[in-house]
Each structure stands twice: as C-alpha cells, then as structure tokens.
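Taking full-length UniProt numbering, the leading residue of the sequence shown gets 1, the next gets one more, and so forth. C-beta atoms are modelled at their ideal positions from N, C-alpha and C, and glycine is treated no differently. The structure presented is a predicted model; accordingly, all values stated were derived computationally and were not measured. Working notes, structure below.
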Amino acid sequence: MKLVCSIAAVLVNTSRGVHGSVAARRISAEMFKELKTKVLRLLPPTSNGPTVHRDETDGAEILSCTVKALKEGHIVAVPTDTIYGLACLAQNSDAVRKTYDTKGRNGQKPLAICVGEIQDIYKYCKVKVKKELLGDLLPGPVTLVFERSEELNTDLNPFTSLVGVRIPDHPFMRQLCQMCGEPLALTSANISSQTSTVEVHEFQELWPKLAVVVDGGPIGDQSRLGSTVVDLSVLGKYSIIRPGCALSSTVDVLKRKYGLSELSGEE
1 MKLVCSIAAV LVNTSRGVHG SVAARRISAE MFKELKTKVL RLLPPTSNGP
51 TVHRDETDGA EILSCTVKAL KEGHIVAVPT DTIYGLACLA QNSDAVRKTY
101 DTKGRNGQKP LAICVGEIQD IYKYCKVKVK KELLGDLLPG PVTLVFERSE
151 ELNTDLNPFT SLVGVRIPDH PFMRQLCQMC GEPLALTSAN ISSQTSTVEV
201 HEFQELWPKL AVVVDGGPIG DQSRLGSTVV DLSVLGKYSI IRPGCALSST
251 VDVLKRKYGL SELSGEE
C-alpha cells in the first residue's frame with residue numbers, strides 16, 4: 001500500500017509518445033517537484049503501446065488509496081466509460097462544495113451521482129420504470145434522472161428534487177463505488193465550460209487541487225460527448241436532457257422495448 005501510494009510522480013506523459021509534447025513533459029517534471037497529488041497508473045497508456053504487466057494486487061492497492069482519499073473528504077480524478085471525471089463522496093457536504101470550487105462550476109448546475117450496482121439506485125432515487133429497463137441501459141454511458149429520495153444528502157443539488165444517477169461501464173469505477181459503500185458525486189474533469197477530457201494530462205491544471213489522479217489511459221473513442229442524460233421522473237415518459245454519446249441506442253430501448261413516449265414541452 002505504501003509503495004503504490006508513494007507513486008506521486010508517475011511521469012504520465014513520458015510514455016505517451018505522440019500524446020504528449022516535449023514541452024508538456026518538461027512542465028510535468030517541474031510540477032512533480034512540488035505536487036502532492038498521487039498520480040496512479042491503472043492501465044497502459046495506449047492499447048497498441050508497450051505491454052505493461054499489471055496484477056490484481058496493484059489494482060486493489062490503487063482502489064484502496066483512492067477510497068482512503070475520498071473517505072478523508074478529498075476530490076479525486078477518475079476514468080469512466082465516456083470521459084474523465086472528478087469525484088467526491090456525495091454524502092459529504094464539504095467535499096461537494098469543494099468540487100464546485102475546484103472546477104469553478106456554477107452552483108446552480110447539478111452534480112450526478114455514481115453507484116456500483118442497480119439495486120443501489122433504489123436507495124437514493126424514486127424509480128418509476130421497470131428494473132429490467134435499468135438493466136438494459138446500465139452499466140453504460142447513460143445518466144438516468146429520477147426524483148431523489150430522502151436518503152440523499154440535502155446539500156447535493158438543493159435547488160432541485162431530481163438527481164441524475166450513473167453506473168459507468170468501467171470496472172474500476174464500479175469497484176470504487178462498492179468499496180466506498182455510498183454514492184459518489186461525479187462531474188467532468190475540466191474547468192467549467194472548457195472541453196471534456198479523455199486523457200489525464202488534459203486537465204493537468206487541476207491536479208494540485210486533487211488528492212489522487214487515476215490514469216486509466218485514453219478513453220474510448222474520444223468523442224468527448226459524455227453520457228446521454230435522460231429524465232425518467234415522469235411515469236411512462238422520457239425526456240432527453242443531453243444527447244451525449246448513446247442517444248440512438250438509449251431512445252431505442254425506451255421507445256421500442258418499453259413503450260415510453262417523449263415528454264413534450266407542454267406537459
């Protein structure tokens with residue numbers, strides 16, 4: 001554990017080849033002299049790059065290190081199945097406020113929550129669709145919006161009765177939620193209004209504000225669209241809040257398989 005948690009200066013960009021310039025690597029080296037953030041390598045930097053041996057113990061220790069940081073009220077950066085995210089414990093009000101401050105996010109913009117299993121959704125949300133529907137969409141690149149339950153921290157999105165919930169199709173994220181035993185508040189790892197990130201060096205300016213950065217390598221097809229966000233809080237209806245990267249497949253499940261109709265603006 002001490003060995004992994006001491007890897008505070010992993011030279012992420014030095015092994016990226018075309019993914020990082022010489023100038024960027026020089027900046028990274030200078031930052032690491034003072035940086036207290038733990039930058040932990042979870043996966044090889046590219047699918048066609050050099051093979052990196054990684055056993056289950058290493059992954060477990062990185063998980064433990066990240067859980068420890070979260071439990072202490074810190075913010076961490078994590079890979080998901082769509083883009084990189086910033087995460088904190090959703091039930092920790094101070095950590096939630098710190099997350100807004102870290103990325104300069106408008107306080108009236110909500111944070112989603114992330115859980116590890118479908119059954120966890122029922123604790124924090126009032127679900128009005130069949131469980132089979134949840135299983136068809138999750139885990140996956142979709143955020144489902146429901147009415148929040150009384151179990152969820154009232155300081156999280158106090159301006160709305162709704163909350164978006166995610167189960168990313170990413171083993172590390174699911175295990176992280178399971179080990180924390182409570183939901184994570186999740187938002188994109190970038191300064192607010194800037195482009196979403198698919199590699200850790202792209203949000204390097206935020207590293208000094210984070211306790212842990214988990215480097216899972218470049219993410220997916222790098223579309224940067226984020227998850228498809230759909231409101232399912234009205235019985236028998238759905239409303240697309242953000243098209244995201246899985247719009248057509250999500251709508252196909254909602255309409256064709258479960259017969260939900262799109263909520264019009266007049267309703």
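Boundaries of the beta strand (DSSP E) in which Tyr84 is found, first to last residue: Tyr84 to Leu89
Cα separation between Ser223 and Cys125? 29 Å
Contact defined as beta carbons within less than 8 Å: I believe Leu112 pairs with Gly73. What is the distance between those atoms, to the nearest angstrom? Before going further, note that residue 112 is Ala rather than Leu in the sequence given. Wrong, their Cβ atoms sit about 19 Å apart, outside the cutoff.
With 16 as the cutoff for other CB atoms within 10 Å, does Asn106 come out buried or exposed? exposed
Alpha carbon to alpha carbon, what distance is there between Arg166 and Asp231? 12 Å
Touch check for the stretch 84 to 100 and the stretch 200 to 220: three-plus C-beta pairs under 8 Å? yes
Residue 297 burial status per 10 Å Cβ neighbour count (16 or more: buried): Any answer about residue 297 is impossible in this case: the structure gives the chain only from 1 up to 267.
Quick one, are the C-beta atoms of Val96 and Leu186 less than 8 Å apart? no
With three or more beta-carbon pairs closer than 8 Å as the criterion, would you say the stretch 124 to 139 touches the stretch 231 to 251? yes
Span of the alpha helix (DSSP H) holding Tyr124? Ile118 to Tyr124
Between Leu162 and Glu151, is the Cβ-Cβ spacing less than 8 Å? no
Glu132 (DSSP reduced to helix, strand or coil): helix
I need the DSSP call for Thr228, collapsed to helix, strand or coil. strand
Check whether Gln204 and Gly116 have beta carbons under 8 Å apart: no
Checking the sheet assignment: what are the DSSP bridge partners for Asp94? In the DSSP output, where bridge partners are listed per residue, Asp94 has none listed.
Is Asp169 near Pro139, with beta carbons less than 8 Å apart? yes
Candidates Gly226, Arg41 and Leu263: which alpha carbon is nearest residue 305's? This structure does not reach residue 305, given that the chain is present from 1 up to 267, and the question cannot be answered.
How long is the line joining the alpha carbons of Gly59 and Lys38, rounded to whole angstroms? 15 Å
Cβ neighbour criterion (16 or more within 10 Å) applied to Ser248: exposed
Does DSSP put Glu151 in a helix, in a strand, or in coil? coil
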